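Enquirer: My questions all concern the structure below.
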Amino acid sequence: STIVLLFEAPKNFKFTIKTGQKVKVGESLGVL
Amino acid sequence: HSAWTKWTGFLLRWTPVGICLFGVIDWQLHKQKSERESLPRTASSFQSKVYCSLPLRIISRCWGWLAACYVPVSLRPYIYGWYSNAFGVNMEEALYPDYKYYNSLAAFFTRPLREGVRPIDNRAAIVSPADGRVLHFGSAQNKLIEEVKGVNYSVSSFLGPVTWHKRLNGNFEEELKEINDGSTELFQCVIYLAPGDYHRFHSPAEWQPKLRRHFVGELLSVNPRIVNWLPDLFCLNERAVYMGKWEHGFFSYAAVGATNVGSVQIYMDDDLKTNRWMGLQLGAHKDRHIYDEIELSNKTHFGRGEMLGQFNMG
């Protein structure tokens with residue numbers, strides 16, 4: 033199963049993750 | 019009669035050989051083309067059709083039925099213990115760490131977590147909605163989003179058309195966005211939940227869903243190797259897509275089903291029925307681009323970290 037998020041955000045939005053990284057509920061995916 | 023018997027015998031003997039030969043030639047040609055063009059090795063349309071023709075929905079429903087069967091208490095530590103070892107389940111985080119608590123494998127699969135084991139990062143703009151592995155993330159450019167590096171799929175096929183705005187100009191990305199002064203961009207993130215992961219999912223931010231679309235598609239595997247191999251996989255699979263707004267504009271959240279995990283349950287949406295019985299249909303689902311849509315109440319609002327639903331076995 034997969035969750036796909038697609039959203040609009042200001043251009044200065046930065047992801048704080050890496051491809052292949054394990055993440056858990058509540059951990060940061062990105063910051064502004 | 020003799021000629022008919024000979025002809026039937028010939029067909030039975032050589033047809034499988036012919037199909038295999040055709041498959042090997044097709045695979046070789048496609049491999050050579052991918053190598054020539056330095057593209058990731060992806061499925062050809064023939065391979066894609068063969069894969070989509072597998073009876074994965076029937077298999078998933080059978081698996082769902084089996085997983086929901088009552089497991090005798092004495093067998094639970096063995097069955098769930100084996101599953102935990104095979105898929106790396108961390109029972110220390112579970113609300114009920116004793117295997118004997120779970121009546122069925124399906125109940126074990128959707129086990130709740132203990133209070134406080136998943137703190138929410140309040141400094142982040144977006145937090146992870148699920149436990150899993152990041153398959154891909156980035157911006158959605160030129161109406162395409164990347165499934166994995168180098169393999170794109172169309173945003174419009176994935177979400178369906180924009181019908182809630184009056185300002186339709188043919189540019190899907192601009193139609194989708196709420197703010198069109200050039201200060202915003204579309205971003206995407208794909209998270210894969212492995213069989214041993216916690217299978218409930220949460221809201222990644224505060225937002226308000228306006229409508230839900232349910233695409234009845236295939237139930238293909240979303241294992242990262244298959245995602246790498248099959249372009250458009252997320253547009254083919256059955257999915258529930260919720261679309262609305264957050265403080266920075268458009269926001270959408272899609273729960274994509276997969277083989278043996280096709281039953282998406284959203285707690286506030288009782289009308290959503292996924293992985294329905296379609297009879298003994300073996301071919302690819304013809305109506306996979308058709309969706310049913312419902313408008314959600316204005317009062318519907320998801321808070322950051324709020325539990326939204328779960329993926330059930332089957």
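From first to last, the protein sequence lines are chains C and Z. Position 5 (the first sequence) corresponds to 37 in my numbering; numbering is contiguous. Position 140 (the second sequence) corresponds to 158 in my numbering; numbering is contiguous. Glycine included, C-beta positions come from ideal geometry on N, C-alpha and C. Remember, it's a predicted structure, so these values are computed and weren't measured experimentally.
1) Taking C-alpha atoms, which residue in Z:Trp25, Z:Val35, Z:Ile76, Z:Ser63 lies nearest to Trp295 of chain Z?
2) Which of helix, strand or coil does DSSP assign to Ala125 of chain Z?
3) Against chain C, does Cys207 of chain Z count as a neighbour if the rule is that its beta carbon must be under 8 Å from one of theirs?
4) Can a CB atom of chain C be found closer than 8 Å to the CB of Pro34 of chain Z?
5) Short check: CB of Gly267 of chain Z to CB of Thr202 of chain Z, under 8 Å?
6) Inspect the CB distances between the segment 272-280 of chain Z and the segment 113-125 of chain Z and report whether three or more fall short of 8 Å.
7) Inspect the beta-carbon positions of Gly332 of chain Z and Trp83 of chain Z and report whether they are closer than 8 Å.
8) Check the C-beta distance from Glu324 of chain Z over to Arg230 of chain Z and give it rounded, since I have them as a contact under 8 Å.
9) Can you give me the start and stop residues for the alpha helix (DSSP H) that Cys253 of chain Z sits inside?
10) Helix, strand or coil for Gly327 of chain Z? Go by DSSP, reduced to three states.
11) From the beta carbon of Thr292 of chain Z, is the nearest beta carbon of chain C less than 8 Å away?
12) Going by the CB atoms, is the gap between Thr51 of chain C and His154 of chain Z shorter than 8 Å?
13) Strictly under 8 Å for the Cβ-Cβ distance: is Arg129 of chain Z near chain C by that measure?
14) Cβ of Thr292 of chain Z within 8 Å of Cβ of His220 of chain Z?
15) Name, please, each residue of chain C whose Cβ falls closer than 7 Å to the Cβ of Ser146 of chain Z.
16) Would Tyr210 of chain Z pass as an interface residue toward chain C - the criterion being a Cβ-Cβ separation below 8 Å?
17) Label Val35 of chain Z either buried or exposed according to how many other C-beta atoms from any shown protein chain fall within 10 Å of its C-beta, with 16 as the threshold for buried.
18) Would you check if the segment 81-96 of chain Z and the segment 116-131 of chain Z touch, i.e. whether three or more CB-CB distances between them fall below 8 Å?
19) Along the chain, which unbroken stretches of the alpha helix (DSSP H) at least 4 residues long are found entirely within the segment 152-211 of chain Z?
20) Go to Phe105 of chain Z, then tell me how far its alpha helix (DSSP H) extends in each direction, as first and last residue.
21) In whole angstroms, what separates the C-alpha of Trp22 of chain Z from that of Gly41 of chain Z?
22) Give a yes or no on whether the minimum CB-CB distance between Thr318 of chain Z and chain C is below 8 Å.
23) Can you have a look at Trp247 of chain Z and say buried or exposed, based on whether 16 or more other CB atoms are within 10 angstroms of its CB?
24) Comparing C-alpha positions only, which one of C:Ala41, C:Phe45, C:Lys46, C:Gly62 sits nearest to Ile334 of chain Z?
25) Can you name the residues of chain C whose CB is closer than 9 Å to the CB of Pro227 of chain Z?
26) Could you tell me which residues DSSP puts in a beta bridge with Gln65 of chain Z?
27) So the alpha helix (DSSP H) Ser78 of chain Z belongs to, where does it begin and stop?
28) At least one CB of chain C closer than 8 Å to the CB of Ile312 of chain Z: is that the case?
29) Using 8 Å for Cβ pairs, my map puts Glu256 of chain Z next to Val240 of chain Z. What's the rounded Cβ distance?
30) What does Ala273 of chain Z touch in chain C if you count any residue whose Cβ is under 9 Å from its own?
31) Would you kindly check if the distance between the Cβ of Val145 of chain Z and the Cβ of Ala158 of chain Z is under 8 Å?
32) Looking only at DSSP bridge pairs, what is Ile138 of chain Z linked to?
Expert: Looking at the atomic coordinates:
1) Along the second sequence, one-based indexing puts residue 295 of chain Z at 277. With distances taken between Cα atoms, Trp295 of chain Z lies closest to Z:Ile76.
2) Position 107 of the second sequence, counting from 1, holds the residue named residue 125 of chain Z. Ala125 of chain Z falls in the helix class under three-state DSSP.
3) Numbered from 1 along the second sequence, position 189 holds the residue referred to as residue 207 of chain Z. Interface annotation, Cys207 of chain Z: in contact with chain C, CB-CB separation under 8 Å.
4) Mapped onto the second sequence, residue 34 of chain Z falls at position 16. For Pro34 of chain Z, the nearest beta carbon of chain C is not closer than 8 Å to its own beta carbon.
5) Locating residue 267 of chain Z in the second sequence gives position 249, where the first residue counts as 1. Locating residue 202 of chain Z in the second sequence gives position 184, where the first residue counts as 1. Yes, these two residues count as a Cβ contact at 8 Å.
6) Verdict: no, contact absent.
7) Translated into positions along the second sequence, residue 332 of chain Z becomes position 314. Translated into positions along the second sequence, residue 83 of chain Z becomes position 65. In contact: Gly332 of chain Z and Trp83 of chain Z (Cβ atoms closer than 8 Å).
8) Position 306 of the second sequence, counted from the start, is the residue given in the question as residue 324 of chain Z. Position 212 of the second sequence, counted from the start, is the residue given in the question as residue 230 of chain Z. The distance from the Cβ of Glu324 of chain Z to that of Arg230 of chain Z is about 16 Å, inconsistent with a contact at the 8 Å cut-off.
9) Residue mapping note: residue 253 of chain Z aligns to position 235 of the second sequence, counting from 1. For Cys253 of chain Z, the enclosing alpha helix (DSSP H) begins and ends at 251-254.
10) Here residue 327 of chain Z refers to the residue found at position 309 when the second sequence is read from its first residue. Strand at Gly327 of chain Z.
11) In the second sequence, the residue the question calls residue 292 of chain Z occupies position 274. Closer than 8 Å: no.
12) Within the second sequence, the letter at position 136 stands for residue 154 of chain Z. Within the first sequence, the letter at position 19 stands for residue 51 of chain C. Yes; because the gap between Cβ atoms is below 8 Å, this pair is in contact.
13) Indexing the second sequence from 1 puts residue 129 of chain Z at position 111. Answer no: the Cβ-Cβ gap between Arg129 of chain Z and chain C never drops below 8 Å.
14) If you number the second sequence from 1, residue 292 of chain Z lands on position 274. If you number the second sequence from 1, residue 220 of chain Z lands on position 202. In this structure, His220 of chain Z does not lie closer than 8 Å to Thr292 of chain Z by Cβ.
15) Reading the second sequence from its first residue, position 128 is the one you call residue 146 of chain Z. Per Cβ cutoff of 7 Å: Val55, Lys56, Val57, Gly58, Glu59, Leu61.
16) Start at 1 with the first residue of the second sequence, and residue 210 of chain Z comes out as number 192. The beta carbon of Tyr210 of chain Z sits closer than 8 Å to some beta carbon of chain C.
17) Translated into positions along the second sequence, residue 35 of chain Z becomes position 17. Answer is exposed; the Cβ neighbour count stays below 16.
18) Yes: at least three Cβ pairs fall under 8 Å.
19) For the segment 152-211 of chain Z, whole alpha helix (DSSP H) runs of length 4 or above, ordered along the chain, are 173-177, 190-194.
20) As a first step, residue 105 of chain Z must be located in the second sequence, where it is residue number 87. That run of the alpha helix (DSSP H) goes 94-105.
21) For the purposes of this step, residue 22 of chain Z is taken as residue 4 along the second sequence, with counting starting at 1. For the purposes of this step, residue 41 of chain Z is taken as residue 23 along the second sequence, with counting starting at 1. If you take the alpha carbons of Trp22 of chain Z and Gly41 of chain Z, they lie about 28 Å apart.
22) Your numbering for residue 318 of chain Z matches position 300 in the second sequence. Using beta-carbon distances, Thr318 of chain Z does not count as an interface residue toward chain C, since no partner is under 8 Å.
23) Position 229 of the second sequence holds residue 247 of chain Z. Here Trp247 of chain Z is buried. Its C-beta has 16 or more other C-beta atoms within 10 Å.
24) Not covered by the structure: residue 334 of chain Z. The range shown for chain Z is 19 to 332.
25) For the purposes of this step, residue 227 of chain Z is identified with residue 209 of the second sequence, where counting begins at 1. Result: empty, since nearest Cβ-Cβ is about 12 Å, beyond 9 Å.
26) Translated into the one-based positions of the second sequence, residue 65 of chain Z becomes position 47. When DSSP reads this structure, Gln65 of chain Z sits in no beta bridge, so it has no partner.
27) Start at 1 with the first residue of the second sequence, and residue 78 of chain Z comes out as number 60. That run of the alpha helix (DSSP H) goes 74-85.
28) Taking the second sequence and counting its residues from 1, the one referred to as residue 312 of chain Z is at position 294. Not closer than 8 Å to any Cβ of chain C, the Cβ of Ile312 of chain Z fails to qualify, so no.
29) For the purposes of this step, residue 256 of chain Z is identified with residue 238 of the second sequence, where counting begins at 1. For the purposes of this step, residue 240 of chain Z is identified with residue 222 of the second sequence, where counting begins at 1. Glu256 of chain Z to Val240 of chain Z, Cβ: 11 Å. No contact.
30) Taking the second sequence and counting its residues from 1, one reaches residue 273 of chain Z at position 255. Counting only Cβ-Cβ distances below 9 Å, Ala273 of chain Z has contacts in chain C at Ser33, Thr34, Ile35, Val36, in chain order.
31) Numbered from its first residue, the second sequence carries residue 158 of chain Z at position 140. Numbered from its first residue, the second sequence carries residue 145 of chain Z at position 127. One thing to note: Ala158 of chain Z has its Cβ no nearer than 8 Å to the Cβ of Val145 of chain Z.
32) Position 120 of the second sequence, counted from the start, is the residue given in the question as residue 138 of chain Z. For Ile138 of chain Z, which the question treats as bridged, DSSP gives no partner whatsoever.
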